[in-house]
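Once you know that position 288 of the sequence shown is 288 in UniProt numbering, the rest is easy, because the numbers rise by one and skip nothing. Quick reminder that beta carbons are idealized off the backbone N, C-alpha and C, glycines included. Just so we're clear, the structure is a prediction, and the values are computed from it rather than from any experiment.
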Amino acid sequence: MENLLYIVGLLVVLFMMNFSVVTSVADAKKIKRQDVVVLALAPVYGIVKVLKLEAVELNPGLLKQRLNAKYLLLTALKFTIIVFLFVWALTNLNSNIVLLKMFAALVVIVMVFINQSVTHSIADNRGQNTFFAGLMGFLPLISIGFYLLIPSKRNILEQTVRKQYSVRELFGRAVIYTEMTVLAFLVLVPVIYIIGTALTDSSEIPYRLWPENVSFRNFEILTSQRWLKAGQAEPTKVYFIEWFKNTLLIAVVNMIASVLLITGSAYVFSRFKFKGKKFGLLSIMILQMFPTFLSLIAMYILFDTFGLLNKPLALVMVYTAGAIPFNIWLIKGYLQGVPKDLDESATIDGANKVQIFFKIILPLSLPIITFVAVGQFMAPWLDYILPSYILSGTGADASKGWTIAIGLFRFLEAGNSLYRPTLFAAGALVIAVPITVLYVTFQKYLIEGMTAGATKG
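Structure below.
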């Protein structure tokens, strides 16, 4: 088990090195980091691709320095120390005396980071190589003594150097690094536990952070449509692939329909004057006050009347309608920041309203549209209440029509035949992949969309 963790740690180091090289080359070529973040996630290919990109303003000296073998070696060494220090802490957590070992690991990590920080500061004040000092900083106390003894390259007061390891300064650093370390553990340990749970060969909830024997049995069950039985419950078949397809279909259709409907409506409200405009906007704003579940009974009766129960179209209609109130105001605020002179110029050139919308407004609104599109794509993956209410059919193959959220939550309901917490963990990891890729790919537009729509108009 420990060997596997160290192998994963090595892969993380290689990934970090790839990311570092790509971003370093981008800096030397004056290319924005957000423009190469996707390339930085692609091993080897990202480096080759960024080297071929045309430079905005090339800095040959910086490029040569960042691609220097010594610099790369020192960077790799630094990443290796950080990652394997964290892996060592994780291996010590993998026992029954979790709290004690967590505390011990926390103390060790914080002390090492404090030592590294003080060493770096002293070296910087004395005019020494700070990068090498950062590496030396992982040697407890020795590094501080080393930089206190070597001659200074700058004329600096000794009091300034001593201030770096004063009680007040050390306490401040301890507070900062303790907070950062605790935050890292709170974020990463649950993720590692979920991964470990998915890789266990047991069907019960594990009481270890990482399994002794790694197994891909849970992923095999998810993809093989096996029959499962727990206790006295009737056997149920796992249609994980069908659930994934259903959810993906709903997500894509919902995303396209929502973007077209909401963007078109927001364009009308932001560009045209008509009777009832203010009343319409006010009505849309008031609709945001009422949560969706208040209309569950009404929706159920309507869908049952029109024969839409247990059909994906019903969910698309609910998600699209539910997204209208908030997102219309959001996109309207963004569109009001787009100059109307562009519309007038296009009209003079012979463009009609539809052409203006598709050829001018949509391209200029890409950040806010991406924000709305990603949000609508995410909705079916994470929602359990509405799908479980609308897709509540009975019968042998009724579970085929479920979304992935219904299926995963069934794995956590004790007493039914699908009760398998480890399958829930495996399924959660599978659906995390497209969501993560989506966020990483469009993070630039997501950040712009979140800020722009809220401040304009």
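It is roughly 11 angstroms from the alpha-carbon of methionine 17 to the alpha-carbon of leucine 10. Around the beta carbon of asparagine 352, fewer than 16 other beta carbons lie within 10 angstroms, which makes this residue exposed.
Rounded to the nearest whole angstrom, the CA to CA distance from alanine 323 to isoleucine 447 is 19 angstroms. Following the DSSP letters along the chain, one finds valine 318 inside the alpha helix (DSSP H) bounded by residues 312-335.
Note on the region 143-215: whole alpha helix (DSSP H) runs with a minimum of 4 residues are 158-163, 167-198, in chain order. In the three-state DSSP reduction, valine 38 falls in the helix class (H, G or I). CA-to-CA, the gap between valine 372 and aspartate 304 works out to about 30 angstroms.
For tryptophan 381, the closest alpha carbon among the candidates Ile250, Arg226, Lys153 is that of Ile250. Between the alpha carbons of isoleucine 205 and proline 211 lies a gap of roughly 11 angstroms.
Taking C-alpha positions only, threonine 441 is separated from alanine 105 by approximately 35 angstroms.
Glutamine 288 counts as exposed, since fewer than 16 other C-beta atoms from the protein chains shown sit within 10 angstroms of its C-beta. A contact between stretches requires three or more CB pairs, one per stretch, nearer than 8 angstroms, and the region 174-186 meets this requirement with the region 105-123.
Fully contained in the region 351-406 are the following alpha helix (DSSP H) runs of length 4 or more, in chain order: 353-356, 366-382, 385-390. In the three-state scheme derived from DSSP, where H, G and I count as helix and E and B as strand, phenylalanine 279 is classed as helix. Assigned with DSSP and collapsed to three states, methionine 289 falls in coil, not helix or strand. Annotation for glycine 137: no alpha helix (DSSP H) segment contains it, and DSSP assigns it neither H nor E. One thing to note: asparagine 254 has its Cβ no nearer than 8 angstroms to the Cβ of alanine 346. Bounds of the alpha helix (DSSP H) holding lysine 52 are 45-52. When C-beta atoms of the region 331-348 are compared with those of the region 420-427, fewer than three pairs fall below 8 angstroms, so the two segments do not count as touching.
The DSSP-derived three-state label of lysine 64 is helix. One thing to note: alanine 26 has its Cβ within 8 angstroms of the Cβ of valine 36.
With respect to the 8 angstroms criterion, phenylalanine 131 and isoleucine 81 are not classified as neighbours on the basis of their beta carbons.
Ranking Ala123, Leu248, Tyr239 by CA distance to the CA of threonine 223 puts Tyr239 first. In the structure shown, leucine 342 adopts helical secondary structure according to DSSP, grouped into three states. Of the candidates Phe79, Arg33, Phe411, Ile328, Phe411 places its Cα closest to the Cα of lysine 237. Proline 190 and tyrosine 45 have their C-alpha atoms spaced approximately 31 angstroms apart. Contact check for asparagine 115 against isoleucine 150 fails: the beta carbons are separated by 8 angstroms or more.
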